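Protein chains in written order, with my numbering: chain A, 12 to 233; chain B, 12 to 233.
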DNA sequence: ATTTATTTTTAGACAAGACTAAAATGTTTT
DNA sequence: AAAACATTTTAGTCTTGTCTAAAAATAAAT
């Protein structure tokens with residue numbers, strides 16, 4: 012029953028620390044945090060002191076920072092809210108998956124436990140957001156997603172799109188144009204050893220996808 | 012196509028000015044604004060200077076303030092967003108009408124024209140919010156609501172609840188307990204001259220409503 | 001038309017969150 | 001182990017939005 016007063020700025024820092032630690036487990040360095048936040052190292056240091064005072068992180072000067080138990084819970088709740096709102100924006104309001112990030116970035120800061128839970132209920136307790144990213148449940152438990160990259164499929168193998176590792180609108184729009192939305196099926200026809208590009212079949216269409224695409228597209232092999 | 016950068020604090024002041032001017036047309040005085048905002052006159056003065064710099068209000072020191080064309084448009088858009096979100100919270104998420112104000116107060120500050128319009132569309136372009144207050148359209152046009160107070164009905168007259176003039180949770184909860192939600196039908200049976208209280212029939216039940224209730228309940232006579 | 005009372009503004013401080021420039025610490029290199 | 005480089009922190013300043021206390025302007029009253 013902890014109220015836990017946090018500002019949007021603090022929450023964004025917590026999320027950033029979480030995100031960096033997710034990719035690169037261990038201590039998060041001030042510069043990495045500043046880069047992720049698009050701010051200066053000085054500002055990051057300032058904020059780390061504040062977060063440390065509030066017991067949301069364990070911070071040692073010059074050594075870096077990790078989330079505390081509470082900080083982790085808060086960051087997880089934030090991601091939960093962000094992704095639930097993304098589902099709402101796409102499934103209910105009809106936005107495309109490349110349009111929702113900025114709105115969700117604002118909506119995730121709306122305070123009130125009951126709102127999140129009612130939203131979750133309204134949406135039918137989705138386990139993944141429109142980009143295939145898992146949505147932690149109210150207790151903060153995560154569901155594992157298929158992390159097989161298209162890159163690893165051999166000719167003849169077929170897969171279903173389960174997510175992306177690059178959330179930039181340009182990539183998402185490109186995928187949409189190719190018919191590669193979440194749940195789409197594709198088959199690898201050929202692979203070029205030279206540049207790791209792959210000829211694939213998406214429905215009736217055949218296209219060549221670069222290594223970069225193969226790297227950033229998650230599939231479940233079928 | 013004006014971006015019009017405004018902070019939540021600025022928006023709340025604009026709304027407060029709008030609200031006061033709605034009840035008491037004319038110039039809004041600093042003290043009234045400070046009272047509405049629950050802040051000091053000094054803070055209100057500070058903010059009025061800022062809003063004046065941004066051309067959102069016409070402000071003359073010691074004389075008071077009025078909204079500019081732009082300020083008015085902004086305040087209206089804010090009220091539109093607030094009330095649309097209230098409809099969402101009640102109709103879609105299943106909140107009671109006395110629970111939604113604080114959430115809507117946060118949600119109204121979410122930036123992005125397209126979000127509001129998609130939400131409006133999703134909700135089926137509602138013209139009134141869960142309290143019966145009119146929702147201005149995208150152009151800022153208002154719909155007039157029946158402003159007949161229950162107080163004015165004579166014995167024998169029947170009415171349909173169309174709104175409330177007191178939005179406090181206690182009043183709204185009381186009404187809900189009585190079965191007096193929006194659209195509910197009632198009939199005035201007797202009226203006591205002494206205290207303006209009224210015996211009314213709501214469905215099968217008969218109750219006595221005080222003058223205060225009669226004053227704060229809007230009905231359409233049928 | 002002064003005095004009195006009310007309203008409003010200024011002055012000076014503070015907290016959050018950001019910045020730049022400079023100092024301090026840590027890490028690598030020679 | 002000192003020099004060179006990279007990283008991080010401190011110091012000082014800025015803006016937004018708030019506060020209290022004091023000064024100034026307006027309105028009311030004698």
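Backbone N, C-alpha and C define an ideal beta-carbon position, used for all residues, glycine too.
None of these values were measured; they are calculated from a predicted model.
Check: Between the CA atoms of residue 180/A and residue 144/A - distance to the nearest angstrom; Outcome: 16 Å
Check: Bridge-paired residues (DSSP) for residue 114/B; Outcome: Paired residue(s): none; residue 114/B is not in a bridge.
Check: Buried versus exposed, by CB contacts within 10 Å (16 or more), residue 201/B; Outcome: exposed
Check: Partner residues on chain B for residue 26/A, Cβ-Cβ distance less than 8 Å; Outcome: None at all; the shortest Cβ gap to chain B is about 18 Å.
Check: Short-range partners of chain B found in the segment 109-143 of chain A, where Cβ spacing is below 9 Å; Outcome: 110, 113, 114, 117, 118, 120, 121, 122, 123, 125, 126, 129, 130, 132, 133
Check: Segment limits, beta strand (DSSP E) that includes residue 75/A; Outcome: 75-78
Check: Cβ-Cβ separation, residue 166/A to residue 199/A (assumed contact under 8 Å), whole Å; Outcome: 5 Å
Check: Same chain only: Cβ atoms within 7 Å of residue 7/A, ignoring 5 sequence neighbours per side; Outcome: Examination of residue 7/A is not possible in this model, given that chain A is present from 12 through 233 alone.
Check: Burial state of residue 27/A (16 or more Cβ within 10 Å); Outcome: buried
Check: Outcome for residue 149/A when other beta-carbon atoms lying within 10 angstroms are tallied against a minimum of 16; Outcome: exposed
Check: Under 7 Å by beta carbon: chain B residues contacting residue 103/A; Outcome: 133
Check: Which listed residue (212/B, 152/B, 77/B, 217/B) has its alpha carbon closest to that of residue 35/B; Outcome: 77/B
Check: Identity of the residues DSSP links to residue 230/B by a beta bridge; Outcome: 159/B, 172/B
Check: Which listed residue (92/A, 134/A, 131/A, 196/A) has its alpha carbon closest to that of residue 118/A; Outcome: 92/A
Check: Three-state secondary structure assigned by DSSP to residue 15/B; Outcome: coil
Check: Any C-beta of chain A under 8 Å from that of residue 29/B; Outcome: no
Check: Under 9 Å from the C-beta of residue 106/B: neighbouring residues of chain A; Outcome: 125, 126, 129
Check: Whole-angstrom C-beta distance between residue 67/B and residue 126/B, which should lie under 8 Å; Outcome: Contact flag wrong, Cβ pair sits at about 22 Å.
Check: Beta-carbon gap between residue 161/A and residue 170/A smaller than 8 Å; Outcome: yes
Check: Under the three-state DSSP convention, the category residue 35/B falls into; Outcome: coil
Check: Start-end ranges of the alpha helix (DSSP H) lying completely within the segment 34-105 of chain A, minimum 4 residues; Outcome: 41-48, 52-64, 80-98
Check: Rounded straight-line distance, which links the Cα of residue 31/B to that of residue 39/B; Outcome: 7 Å
Check: Residue 202/A - DSSP class collapsed to helix/strand/coil; Outcome: strand
Check: Pairwise C-alpha distance: residue 137/A and residue 102/A; Outcome: 11 Å
Check: Close Cβ partners of residue 42/B (< 6 Å) along its chain, the five nearest in sequence each way excluded; Outcome: 52
Check: Residue from 133/A, 57/A, 105/A, 197/A whose Cα sits closest to the Cα of residue 131/B; Outcome: 105/A
Check: Residue 7/B, DSSP secondary structure in three states; Outcome: The structure shown does not extend to residue 7/B, since chain B is modelled only from 12 to 233, so the question has no answer here.
Check: Neighbourhood of residue 12/B by C-beta, 6 Å cutoff - its chain only, sequence neighbours within 5 removed; Outcome: For residue 12/B, the pLDDT reaches just 41, beneath the cut-off of 50, and the residue's location in the model is therefore unreliable, leaving the point undetermined.
Check: Status (buried if at least 16 other CB within 10 Å, exposed otherwise) for residue 94/B; Outcome: buried
Check: Selection from 142/B, 227/B, 65/B that minimises the alpha carbon distance to residue 194/B; Outcome: 142/B
Check: Beta-carbon proximity list for residue 157/B, same chain, < 8 Å, skipping 5 on both sides; Outcome: 173, 174, 229, 230, 231
Check: Residue 29/B - partner residues in DSSP beta bridges; Outcome: Answer is none; residue 29/B lacks a bridge partner.
Check: Paired residues, beta bridge with residue 139/B - DSSP; Outcome: 145/B
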